[in-house]
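S.K.:
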Amino acid sequence: MKHLPIILLCLISFLSSAQKQITSQPQIWFKYYLKIPINPQWQIRQEIDDRNFINPARQSQFLERTHLQRNLGKGWITSLGFTYSEVATPADPNIKSYSNIRELRPSLEIGHLNKLNEKWNLHQRVWNEFRFFQQNDKSYLYSNMRLRYKIETHFKLSSLLSFFAFEELHINLGKNIVFNTFDQNRFGIGCEISPIKNIGFEFTYINWFQQRSSGNEYFNRNIFRLALNHTLMLRKRKPVEN
């Protein structure tokens, strides 16, 4: 028993060193989301994201994403996607001298939309992303795969106003992943106002909780996102009269 205080002291010291180091970072995101239906089976989706720190103000990430979507029927879809991303590093807005890490990210998607009733629906999707990061010689090297599972529900109050909530889990896979198999979790809640046909203004709160590669460091980001959602309907060609 005389060694118990020493054992307890060592245990407390170990637990203290193993505690999570959480960095809180408020951000504001600006997003443009475009959908272009080609026909009942095919659709192009395009996203542009500008993600910024708030205090002090500095860009955090710029992202462009394109998907070619195929409707499979009965609420099922699949798509091929490609993302270009630039992330500012170090991820500290107080540091004004920074560089951008560029990433190329091809992806596969499968999703399902379940219409619960006239107002409620439930959407689920899985993305499989393949991540390639730019090296010093400007070439790109494969790093790891990332799985993303998202579940989202929508409630349409009227033709002008709808509400939604979602949660998305990110999992890293690959030999280069040591501590952060769990990459991040995002929870969001928001509304969309659609005063014009095929145009929607989205206001969303997102909580982003991310584990860094060290294993004991985390980002906790409270994000306000402003988005313009746009569906561009292609005009049908009129038949040529003989």
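Going left to right, the sequence shown walks through residues -18 to -1, 1 to 224 as mature numbering (1 follows the signal peptide of the UniProt record, and there is no 0) numbers them. Note that beta-carbon positions come from the ideal geometry of N, C-alpha and C, so glycine has one too.
(1) Mind checking which residues open and close the beta strand (DSSP E) that includes Lys17?
(2) Out of Val108, Gln7 and Leu123, point me to the one whose CA is closest to Phe115's CA.
(3) Who does Pro88 pair with in a DSSP beta bridge?
(4) Would you mind sorting Phe35 into buried or exposed? The rule is 16 or more other CB atoms within 10 Å of its CB.
(5) Can you tell which of Arg128, Ile175 and Gln7 has its C-alpha closest to the C-alpha of Phe206?
(6) Taking DSSP as the reference, what is the three-state secondary structure of Ala39?
(7) Quick one: what does DSSP say Ser195 is sitting in, helix, strand or coil?
(8) Could you give the DSSP three-state label for residue 275: helix, strand or coil?
(9) Which residue or residues does DSSP assign as beta-bridge partners of Ser140?
(10) List the whole-angstrom C-beta distance separating Glu46 from Tyr15, where the pair is believed to meet the contact cut-off of C-beta under 8 Å.
(11) Considering only residues of the same chain and omitting the five flanking positions on each side of Pro72, which have a CB-CB separation below 8 Å?
(12) Spatial neighbours of Ile(-12) within its chain, please: C-beta separation below 6 Å, excluding the five flanking residues on both sides.
(13) Determine, using beta-carbon pairs with one atom in the region 128 to 147 and one in the region 168 to 175, whether at least three such pairs fall under 8 Å.
(14) Whose CA, out of Lys13, Phe12, Ile59 and Ser42, lies closest to the CA of Gln25?
(15) Can you list, in chain order, the residues of its chain with a C-beta nearer than 8 Å to that of His94? Leave out the 5 residues immediately preceding and following it.
(16) Please name the residue or residues paired with Lys97 in a DSSP beta bridge.
(17) Do you know how far the Cα of Arg194 is from the Cα of Arg2?
(18) Taking 7 Å as the cut-off, decide whether the C-beta atoms of Trp109 and Ser125 are in contact.
(19) For Ser81, which residues does DSSP report across the bridge?
(20) Less than 7 Å between the C-beta atoms of Leu50 and Ser61, yes or no?
(21) Asn167 lies in the beta strand (DSSP E); which residues open and close that run?
(22) Here's the rule: buried if 16 or more other CB atoms are within 10 angstroms of the residue's CB, otherwise exposed. What is Gly156?
(23) Taking the beta carbon of Gly55 as the centre, do at least 16 other beta carbons fall within 10 Å, making it buried, or is it exposed?
(24) Can you give the Cα-Cα distance for Leu214 and Pro19, rounded to whole angstroms?
(25) Quick one: what does DSSP say Phe(-5) is sitting in, helix, strand or coil?
(26) What is the DSSP secondary structure of Phe201, reduced to helix, strand or coil?
M.R.: With the given structure in hand:
(1) Position 35 of the sequence shown, counting from 1, holds the residue named residue 17. Unbroken beta strand (DSSP E) run through Lys17: Gln9 to Pro19.
(2) Indexing the sequence shown from 1 puts residue 115 at position 133. That would be Leu123, whose Cα lies nearest to the Cα of Phe115.
(3) One-based indexing of the sequence shown puts residue 88 at position 106. BP columns for Pro88 point to Phe64.
(4) As a working mapping, residue 35 is identified with position 53 in the sequence shown. By the neighbour-count rule (16 or more Cβ atoms within 10 Å), Phe35 is buried.
(5) Start at 1 with the first residue of the sequence shown, and residue 206 comes out as number 224. The shortest C-alpha separation from Phe206 is found at Gln7.
(6) Taking the sequence shown and counting its residues from 1, one reaches residue 39 at position 57. Collapsing the DSSP output to three states places Ala39 in coil.
(7) Counting from 1 along the sequence shown, the entry for residue 195 is found at position 213. Correct three-state label for Ser195: coil.
(8) This structure cannot speak to residue 275, because the chain is shown only from -18 to 224.
(9) Counting from one through the sequence shown, the residue named residue 140 turns up at place 158. Beta-bridge partners assigned by DSSP to Ser140: none are found.
(10) Taking the first residue of the sequence shown as position 1, residue 46 is located at position 64. Taking the first residue of the sequence shown as position 1, residue 15 is located at position 33. The pair is not a contact, with the Cβ atoms about 12 Å apart (cut-off 8 Å).
(11) For the purposes of this step, residue 72 is taken as residue 90 along the sequence shown, with counting starting at 1. If we look at Pro72 and ignore the five residues flanking it on each side, its Cβ neighbours are Tyr80.
(12) Taking the first residue of the sequence shown as 1, we reach residue -12 at position 7. With a pLDDT of 44 at Ile(-12), under the threshold of 50, the predicted position of this residue should be treated as unreliable, though the coordinate-derived value follows. Same-chain partners within the cutoff: there are none.
(13) Verdict: yes, contact present.
(14) Here residue 25 refers to the residue found at position 43 when the sequence shown is read from its first residue. It is Ile59 whose Cα lies nearest to the Cα of Gln25.
(15) One-based indexing of the sequence shown puts residue 94 at position 112. The residues Gly57, Trp58, Ile59, His105, Gln106 and Arg107, in chain order, have a CB closer than 8 Å to that of His94 in the same chain once the five nearest residues on each side in sequence are set aside.
(16) As a first step, residue 97 is located in the sequence shown; it is residue number 115 there, counting from the start. Looking at the DSSP assignment, Lys97 forms a beta bridge with Asn103.
(17) Counted from its first residue, the sequence shown places residue 2 at position 20. Counted from its first residue, the sequence shown places residue 194 at position 212. It is worth fixing the name first, because residue 2 is Lys in this sequence and not Arg. Note on geometry: alpha-carbon atoms of Lys2 and Arg194 lie some 11 Å from one another.
(18) As a first step, residue 109 must be located in the sequence shown, where it is residue number 127. As a first step, residue 125 must be located in the sequence shown, where it is residue number 143. No.
(19) Counting from one through the sequence shown, the residue named residue 81 turns up at place 99. According to DSSP, residue pairing for Ser81 in a beta bridge involves Thr71.
(20) Position 68 of the sequence shown, counted from the first residue, corresponds to residue 50. Position 79 of the sequence shown, counted from the first residue, corresponds to residue 61. Yes.
(21) On the sequence shown, position 185 is the one that residue 167 refers to. Per DSSP, the continuous beta strand (DSSP E) segment holding Asn167 begins and ends at Phe164 to Ile178.
(22) Numbered from its first residue, the sequence shown carries residue 156 at position 174. By the 10 Å Cβ count, Gly156 comes out exposed.
(23) Within the sequence shown, numbered from 1, the residue matching residue 55 stands at position 73. Classification of Gly55: exposed, given that the 10 Å Cβ count is below 16.
(24) Taking the sequence shown and counting its residues from 1, one reaches residue 214 at position 232. Taking the sequence shown and counting its residues from 1, one reaches residue 19 at position 37. Distance between the alpha carbons of Leu214 and Pro19: 7 Å.
(25) Start at 1 with the first residue of the sequence shown, and residue -5 comes out as number 14. Bear in mind that a pLDDT of 41 at Phe(-5), under 50, signals an unreliable position, so the number given afterwards is only what the model happens to contain. In the structure shown, Phe(-5) falls within a helical segment according to DSSP collapsed to helix, strand and coil.
(26) Counting from one through the sequence shown, the residue named residue 201 turns up at place 219. In the structure shown, the three-state DSSP call for Phe201 is strand.
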